[in-house]
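Here the protein sequences line up with chains A and B, keeping their order.
Residue 1 is where the first sequence starts when you use our numbering, and the numbers rise one by one after that.
Residue 1 is where the second sequence starts when you use our numbering, and the numbers rise one by one after that.
These notes concern the structure reproduced below.
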Amino acid sequence: MDIDLLSNIFFAMVRTGTPLLLVALGEMVCEKSGVLNLGQEGMMLFGAVTGFIVAFSTGNLWLGVMLAMAAGMLLSMLFAAVALGFNANQVATGLALTIFGVGLSTFVGAAWVGKPLTGFEPVVIPLLSDIPLIGRMLFAQDLLIYLSFVLFALVAWVMLKTRIGLIVQAVGENPDAASAMGLPVLRVRTLAVLFGGAMAGLAGAYLSLAYTPMWAENMTAGRGWIALALVVFASWRVFRVLLGAYLFGLASIIHLVAQGVGLSIPSNLLAMLPYLATIVVLVLLSRDPIKTRLFAPVSLGKPWQPGH
Amino acid sequence: MLLSLEPRGQQSRAMLWFSPLLAAALTLLCGSLLFLLLGHDPLLTLHTLLIAPLSDWYGVSELLVKALPILLCALGLAVAYHARIWNIGAEGQLLLGALAGSAVAVHIIDWESRWALVLVISAGVAAGAAWAGLTAWLRTQFNANEILTSIMLNYIALNLLLYCVHGPLKDPEGYNFPESAMFGDFSRLPLLSEEGRVHAGLYFALLALVAVWVLLQKSFLGFQIKVLGLDRRAAGFVGFREKRLVWFALLVSGALAGLAGVGEVAGPIGQLVPQVSPGYGYAAITVAFLGRLNPLGILCASLLMALLYLGGETAQMAMNLPQAITQLFQGMMLFFLLACDVLILYRPRLKWKWTKRTATQDALA
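What follows is the structure, encoded as structure tokens:
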């Protein structure tokens with residue numbers, strides 16, 4: 001393998017890993033606060049379709065991104081109302097959100113399938129992008145990817161270094177104690193869910209405006225679900241989320257590598273790889289139940305109401 | 001807050017059954033609003049969606065054809081969900097059943113014996129069960145979350161199916177279309193009447209309905225499954241074997257979904273095509289919840305879901321509405337159901353005046 005191919009693989013790895021990184025960051029914050037939202041796939045799709053329609057109609061890509069995030073938040077608000085407000089089972093509510101989001105996005109986007117759009121173009125930073133191997137990967141990407149770097153740093157800083165991070169964690173580990181300390185548990189959880197929605201919407205917009213600038217039904221192809229596995233993989237730690245997202249990105253572009261070394265495998269079989277990788281990772285990580293329980297937020301997925 | 005929730009202290013049985021009806025009504029209401037926004041006459045659209053498809057016998061028979069796979073998948077899911085095993089993989093198990101059934105059927109096109117059908121069906125059922133067995137194995141052996149593994153297996157199954165119709169199972173005389181050869185007559189499920197497409201799969205569905213009902217309501221095994229779902233620790237203390245029950249619930253779930261899949265290819269379709277299922281396996285999740293995991297409830301819910309599928313097609317042809325309306329209604333219904341379920345455990349109270357609760361009031365209450 002020559003250095004150009006490797007540099008290309010790294011470049012593509014970050015491109016494919018970015019949507020996973022964005023959703024997984026949102027979901028991680030959400031799960032840290034004790035809420036399991038399985039609706040990521042639905043929120044991503046609705047974000048993707050909203051972003052595409054807005055950008056296509058107005059010609060303004062950034063407006064598309066903003067409204068995609070709003071769209072993700074809108075759906076997550078539904079989740080918050082039912083799962084947090086009405087105390088419904090979080091697993092079932094998340095599933096409902098995904099089914100609803102898939103249906104809604106397909107319905108809304110039916111007239112927009114296959115329309116061409118000029119999406120975000122790569123912005124090459126001179127000099128820095130000439131660094132061998134990692135230059136293109138880090139400094140020749142589109143603006144949304146640079147944004148994802150910033151967001152990652154921001155989430156890492158907030159979760160690890162600020163009071164807000166501690167509050168989110170307290171609410172997720174022990175809501176009763178947090179509430180007794182005077183923390184507004186449900187409000188914190190709602191905000192975490194909304195943040196997750198915005199990130200999922202952004203990830204969707206990245207797919208439909210930058211990664212493949214078009215809309216196709218179910219274009220997220222299970223990325224929302226993979227992100228959920230990614231959070232488990234990362235054992236709810238923010239730096240591992242980054243690592244995991246890019247590793248999964250690598251697994252999805254393995255066909256580039258295969259072509260590089262001259263292998264020919266049917267594309268449908270290669271398309272299975274990210275899903276297989278997810279299963280393998282889950283198996284490797286969950287083998288030891290005690291370890292998983294140590295890392296997972298204690299009250300993850302358990303409904304909680306004040307004063308009971 | 002204007003609306004407050006007051007715990008009932010116990011489940012309200014009336015609300016248990018009223019909530020799905022309320023959810024359906026709210027879905028219709030919301031749907032009407034949506035149609036109004038899109039500039040369609042809501043009453044006319046609802047008529048096209050829900051009543052027009054059933055205006056003749058052909059429509060009713062199509063309803064049964066569509067309800068069959070949904071019913072089979074949902075019955076299987078109910079068994080798993082009673083044990084609180086969140087099998088989301090009915091779609092993949094269905095696809096694999098269809099795939100395995102087809103793989104057998106295209107090799108025995110020339111057979112002229114009833115055993116051909118038996119072989120095809122058994123292959124489908126076995127493959128569906130095996131696919132769910134993978135989830136059971138990953139869960140019992142490695143403690144891997146079944147929601148995520150079964151979802152991943154759905155995507156893998158779909159890609160496997162696409163690979164097979166584009167590759168090994170493609171009809172050599174099919175002008176390069178991604179389809180298998182048509183099955184031989186003896187590997188097809190016989191039609192029940194001259195008109196319509198209702199096939200012998202109906203008997204399987206009825207059989208499965210009774211079997212699941214007996215299993216869940218009358219058998220010790222079903223009791224164990226329910227106990228496991230209600231309280232894992234309690235089940236462990238009485239000595240119910242969790243791993244075995246997880247395997248059993250998932251195998252039943254997968255076998256029924258596999259039967260649904262092979263029933264589609266050996267029944268109405270007659271060959272393997274990429275679009276074996278328009279999301280029946282996912283629809284079954286909604287149906288299982290809507291039917292309250294009760295076989296009879298599921299029967300009603302699956303007929304309703306089939307009507308939505310049928311209505312979606314009619315609405316597309318008659319009014320040029322996207323067919324995705326089916327999924328949209330499906331999602332809305334499940335959402336409303338979960339929201340309405342709050343009424344089972346809580347009593348809503350409207351407060352006209354906003355008063356802040358004080359500690360003394362709370363202590364007195």
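Using N, Cα and C, we set each Cβ at its ideal position, and we do this for glycine too.
Contact between the stretch 301–320 of chain B and the stretch 54–74 of chain B is present: 3 or more CB-CB pairs across the two stretches fall below 8 Å. Short of 7 Å from the beta carbon of B:LEU64, and not among the five residues preceding or following it, lie these beta carbons of its own chain, in chain order: VAL198 and LEU202.
The CB of B:PHE142 comes closer than 7 Å to the CB of VAL283, SER286 and ARG287 in chain A, given here in chain order.
Secondary structure of A:PRO274 (DSSP, three-state): helix. At a Cβ-Cβ threshold of 8 Å, B:THR149 and B:TRP247 do not count as neighbours. When the Cα atoms are used, B:PHE183 and B:PHE204 turn out to be separated by approximately 20 Å. Closest in C-alpha terms to A:GLY42, from the list A:ALA258, A:PRO274 and A:ALA71, comes A:ALA71.
Proximity of B:GLY167 to chain A, defined by a Cβ-Cβ separation below 8 Å, is satisfied. Residues of chain A with a Cβ closer than 7 Å to the Cβ of B:TRP86 are, in chain order, VAL91. Residues of chain A whose Cβ lies closer than 8 Å to the Cβ of B:GLN10 do not exist, since the nearest Cβ in that chain is about 15 Å away. With its beta carbon less than 8 Å from one in chain A, B:GLN327 belongs to the interface.
Look at the stretch 169–182 of chain A: it has no residue with a C-beta under 9 Å from a C-beta of chain B. Between A:MET199 and A:GLY26, the C-beta gap is smaller than 8 Å, which places the two residues in contact.
Only residues of its own chain outside the window of five on either side were considered, and among them ALA229 and VAL232 have a CB closer than 7 Å to the CB of A:LEU282, listed in chain order. With respect to chain A, the C-beta atom of B:GLN275 has no partner C-beta closer than 8 Å. Interface criterion not met: the Cβ of B:LEU290 is under 8 Å from no Cβ in chain A. Between B:ALA132 and B:GLY254 a beta carbon distance of about 2 Å is seen, short of the 8 Å cut, so the two are scored as contacting. Measuring C-alpha to C-alpha distances from B:ALA80 to each of B:ASN154, B:TYR163, B:LEU161 and B:ILE285 identifies B:ILE285 as the nearest. Contact check between the stretch 305–321 of chain B and the stretch 228–235 of chain B: fewer than three CB pairs, one atom from each, fall below 8 Å, which does not count as touching. Between A:LEU207 and A:ALA110, the C-beta gap is not smaller than 8 Å, which leaves the two residues out of contact. For A:PRO289, the uninterrupted alpha helix (DSSP H) segment begins and ends at 289–295. The Cβ atoms of A:VAL185 and A:PRO266 do not sit closer than 8 Å to each other. With respect to the 8 Å criterion, A:LEU38 and A:GLY85 are not classified as neighbours on the basis of their beta carbons.
Secondary structure of B:PRO69 (DSSP, three-state): helix. For A:ARG136, the enclosing alpha helix (DSSP H) begins and ends at 135–139.
Distances from the alpha-carbon of A:ALA83 to those of A:LEU285, A:VAL193 and A:ALA210 put A:VAL193 closest. If you draw a 10 Å sphere on the C-beta of A:GLY249, you find 16 or more other C-beta atoms in it, and that means buried.
With fewer than 16 neighbouring CB atoms inside 10 Å of its own CB, A:ASP130 falls in the exposed class.
Residues of chain A with a Cβ closer than 9 Å to the Cβ of B:VAL342 are, in chain order, VAL82, GLY85, PHE86, ASN87 and ALA88. Close CB contacts of A:ILE145 within its chain, under the 6 Å cut and outside five residues either way in sequence, are with THR18 (chain order). As DSSP reads the structure, B:LEU191 sits in a beta bridge with B:HIS199. Under the three-state reduction of DSSP, B:TYR346 is assigned to strand. For B:GLN330, the chain A residues whose C-beta falls within less than 7 Å of its own C-beta are ILE99 and GLY103, listed in chain order. Per the C-alpha coordinates, the member of B:LEU334, B:LEU215 and B:SER277 positioned closest to B:ASN294 is B:LEU215.
In this chain, A:THR220 is not harboured by any alpha helix (DSSP H), its DSSP state being neither H nor E. CA-to-CA, the gap between B:GLY124 and A:ARG163 works out to about 56 Å.
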